[in-house]
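Here the protein sequences come in this chain order: A and B.
Residue numbers 0 to 209, in numbering that gives the first Met the number 0, belong to the letters of the first sequence in order.
Residue numbers 0 to 209, in numbering that gives the first Met the number 0, belong to the letters of the second sequence in order.
We put the beta carbon where it would ideally sit given N, CA and C, even for glycine.
Protein chains: 2
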Amino acid sequence: MAQKTATRSEPRKSPVQARSTASVDAILKATVQVLLRVGKEKLTTTRVAARAGVSVGTLYQYFPNKSALLRAALKLHVEEILAEVDKVSVAQRGQPVEQMVEALVVASLEVKMRDPKKGRALYAVSSDVEGAKIAADAEARAKDALVELLKSAPETLKTDLQLMATVLQSIIAGVKRRLLESDMPEEQFEVMQRELVLVVRNYVRACVGH
Amino acid sequence: MAQKTATRSEPRKSPVQARSTASVDAILKATVQVLLRVGKEKLTTTRVAARAGVSVGTLYQYFPNKSALLRAALKLHVEEILAEVDKVSVAQRGQPVEQMVEALVVASLEVKMRDPKKGRALYAVSSDVEGAKIAADAEARAKDALVELLKSAPETLKTDLQLMATVLQSIIAGVKRRLLESDMPEEQFEVMQRELVLVVRNYVRACVGH
DNA sequence: TGTTTAGATGAAGAAAACTTCAGATTAGGA
DNA sequence: TCCTAATCTGAAGTTTTCTTCATCTAAACA
Numbered sequence: 000m001a002q003k004t005a006t007r008s009e010p011r012k013s014p015v016q017a018r019s020t021a022s023v024d025a026i027l028k029a030t031v032q033v034l035l036r037v038g039k040e041k042l043t044t045t046r047v048a049a050r051a052g053v054s055v056g057t058l059y060q061y062f063p064n065k066s067a068l069l070r071a072a073l074k075l076h077v078e079e080i081l082a083e084v085d086k087v088s089v090a091q092r093g094q095p096v097e098q099m100v101e102a103l104v105v106a107s108l109e110v111k112m113r114d115p116k117k118g119r120a121l122y123a124v125s126s127d128v129e130g131a132k133i134a135a136d137a138e139a140r141a142k143d144a145l146v147e148l149l150k151s152a153p154e155t156l157k158t159d160l161q162l163m164a165t166v167l168q169s170i171i172a173g174v175k176r177r178l179l180e181s182d183m184p185e186e187q188f189e190v191m192q193r194e195l196v197l198v199v200r201n202y203v204r205a206c207v208g209h
Numbered sequence: 000m001a002q003k004t005a006t007r008s009e010p011r012k013s014p015v016q017a018r019s020t021a022s023v024d025a026i027l028k029a030t031v032q033v034l035l036r037v038g039k040e041k042l043t044t045t046r047v048a049a050r051a052g053v054s055v056g057t058l059y060q061y062f063p064n065k066s067a068l069l070r071a072a073l074k075l076h077v078e079e080i081l082a083e084v085d086k087v088s089v090a091q092r093g094q095p096v097e098q099m100v101e102a103l104v105v106a107s108l109e110v111k112m113r114d115p116k117k118g119r120a121l122y123a124v125s126s127d128v129e130g131a132k133i134a135a136d137a138e139a140r141a142k143d144a145l146v147e148l149l150k151s152a153p154e155t156l157k158t159d160l161q162l163m164a165t166v167l168q169s170i171i172a173g174v175k176r177r178l179l180e181s182d183m184p185e186e187q188f189e190v191m192q193r194e195l196v197l198v199v200r201n202y203v204r205a206c207v208g209h
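So, in structure tokens, the structure goes:
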């Protein structure tokens, strides 16, 4: 008996020629655009294909189904952000903790705010079970990186680093989301950022064994 | 030409007899249960009706469409939580700020953690455009309440109260979400809560004009 | 230039839900 | 008890979207 719930996840075919790579890129880009314009509910594979300037068939050549397409788009976005924040992590290695977390805050908010609409659109996708897994995975990796970063600090931290990292992540994510959801003016953004910096500085200061 | 996109939002009919009220309640309860068991993607009106022990027709008598049904369920949940947190707000009126925010943190986390699965299930719904509006609305009201609460504090706060309230909300929400999404053991929960209390205490302390 | 392989197409089939409505049931009052 | 209004039922119509596949086009290469 053939398995009924096949639902493959892997791409159906790997692009080898240039034009196919272009197609995949266009499709992924179009996915975000459609998500932005009509929302997840009314996103259809046909619509995505049309926007990408290809036919549905082409889409299905690279993505086994709609769900996989959305997941791919989400993953791409998440990885991009992760890479940016990682960059900051590397740059801050060995610096004083307070400076570290300030840089982290600035970088985290900046990245998200560069394209708030994209963030919001993809955020809807991540609420699916599959999407949540991707987001959780990225968060876990980011946390590991943060722990390593904290380890490199000159100060002795009396709080458990795992815990600290989780708290910092949660706090930053909370503010990030708030900024995303309420599209506030640029000025409000900076005020919030300053405030968040204050919060995390105070927090890590409290974690330093004197 | 008749408008094609009617999509009414209001209930189709108001319950007047006891049995219809019971039906509505059952349907709303069933919605959450189905959401929990099969997720938003596979939630169908028929399935909800079946679980509620009524027929689809009955469901459509009170909810014009699936979307309205989900919205109603979300609203109910949000209002319940809001009411609980409001209760704490009233109780803390006039207390020192640090105590206030501690109570707020405890209450916020406690309420959400009482039924984490329900929270997570409904959270998926709120990512829809309509759902986001409901959540945002509730958050705005909660913020107003928080501002009032802060006003009643004996200390003089040098930071703008609107800003403070927003920051506090964002931070608490961030941790709340983290706790919801990663179902951690009870012990981890308490550690996080303690840490969050530390964070908000430090923050409000910094906001007090000495 | 001819052959082979990768890639693209889109009409059509299949599946899944939503939503309606005409008729059956039940409750409450006269 | 009988009548009316409220409520319930669920099969069937409608719509929507996913997904496939036989066929066509373009690229690579000898």
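Beta-carbon spacing of residue i, residue j below 8 Å
i: residue 27 of chain B; j: residue 72 of chain B; result: yes
i: residue 47 of chain B; j: residue 199 of chain B; result: no
i: residue 84 of chain B; j: residue 105 of chain B; result: no
i: residue 142 of chain B; j: residue 164 of chain B; result: yes
i: residue 29 of chain A; j: residue 50 of chain A; result: yes
i: residue 52 of chain A; j: residue 25 of chain A; result: yes
i: residue 121 of chain B; j: residue 76 of chain B; result: yes
i: residue 69 of chain A; j: residue 23 of chain A; result: no
i: residue 81 of chain A; j: residue 137 of chain A; result: yes
i: residue 185 of chain A; j: residue 127 of chain B; result: no
i: residue 88 of chain A; j: residue 135 of chain B; result: no
i: residue 96 of chain B; j: residue 172 of chain B; result: no
i: residue 162 of chain A; j: residue 119 of chain A; result: no
i: residue 108 of chain B; j: residue 187 of chain B; result: no
i: residue 148 of chain A; j: residue 60 of chain A; result: no
i: residue 33 of chain A; j: residue 42 of chain A; result: yes
i: residue 218 of chain A; j: residue 205 of chain B; result: Residue 218 of chain A cannot be examined here, being either before or after the span of chain A that is shown, 0 to 209.
Residue i in three-state terms, based on DSSP
i: residue 31 of chain A; result: helix
i: residue 178 of chain A; result: helix
i: residue 207 of chain B; result: strand
i: residue 42 of chain A; result: coil
i: residue 3 of chain B; result: Note that residue 3 of chain B scores 30 on pLDDT, short of 50, meaning its location in the model is unreliable; the coordinates nonetheless yield the value given after this. If DSSP states are grouped into helix, strand and coil, residue 3 of chain B belongs with coil.
i: residue 195 of chain B; result: helix
i: residue 8 of chain A; result: Here the model assigns residue 8 of chain A a pLDDT of 46, short of 50, so the residue's position is not dependable and the matter cannot be decided.
Partner residues on chain A for residue i, Cβ-Cβ distance less than 7 Å
i: residue 64 of chain B; result: Correct list: empty, because the minimum Cβ distance to chain A is about 12 Å.
i: residue 169 of chain B; result: 173, 174 and 177
Assumed close pair residue i, residue j - CB separation to whole angstroms, cut-off 8 Å
i: residue 58 of chain B; j: residue 44 of chain B; result: 6 Å
i: residue 37 of chain B; j: residue 169 of chain A; result: The pair is not a contact, with the Cβ atoms about 29 Å apart (cut-off 8 Å).
i: residue 93 of chain A; j: residue 155 of chain A; result: With 8 Å as the limit, residue 93 of chain A and residue 155 of chain A do not qualify as a contact, their Cβ atoms being about 14 Å apart.
i: residue 133 of chain A; j: residue 65 of chain A; result: That pair is no contact at about 16 Å.
Contacts of residue i in chain A (Cβ-Cβ under 8 Å)
i: residue 165 of chain B; result: 177 and 191
Neighbour list for residue i in chain B, Cβ cutoff strictly below 8 Å
i: residue 197 of chain A; result: 202 and 205
i: residue 181 of chain A; result: 135
Amino acids of chain A, ordered along the chain, whose beta-carbon sits closer than 9 Å to that of residue i
i: residue 79 of chain B; result: Ordered by position in chain A, no residue passes the 9 Å Cβ test against residue 79 of chain B, which lies about 21 Å from the chain.
Proximal chain B residues relative to residue i, where beta-carbon distance stays under 7 Å
i: residue 185 of chain A; result: Here the premise fails: no neighbours, minimum Cβ distance about 15 Å.
i: residue 194 of chain A; result: 162 and 166
Cβ-heavy atom distance, residue i to the ligand SAM, below 7 Å
i: residue 36 of chain B; result: Summarising the ligand content, the structure contains no ligands, and the ligand SAM is consequently not present.
- What residues from the segment 120-137 of chain B come within 9 Å of chain A, judged by C-beta to C-beta, listed N to C? 122, 123, 124, 125, 126, 127, 128, 131, 134 and 135
- Determine which residues of the segment 145-163 of chain B have a Cβ less than 9 Å from any Cβ of chain A, and write them out in chain order. 158, 159, 162 and 163
- Item | Contact set between the segment 13-34 of chain A and chain B, restricted to residues whose Cβ is under 7 Å from the partner | none
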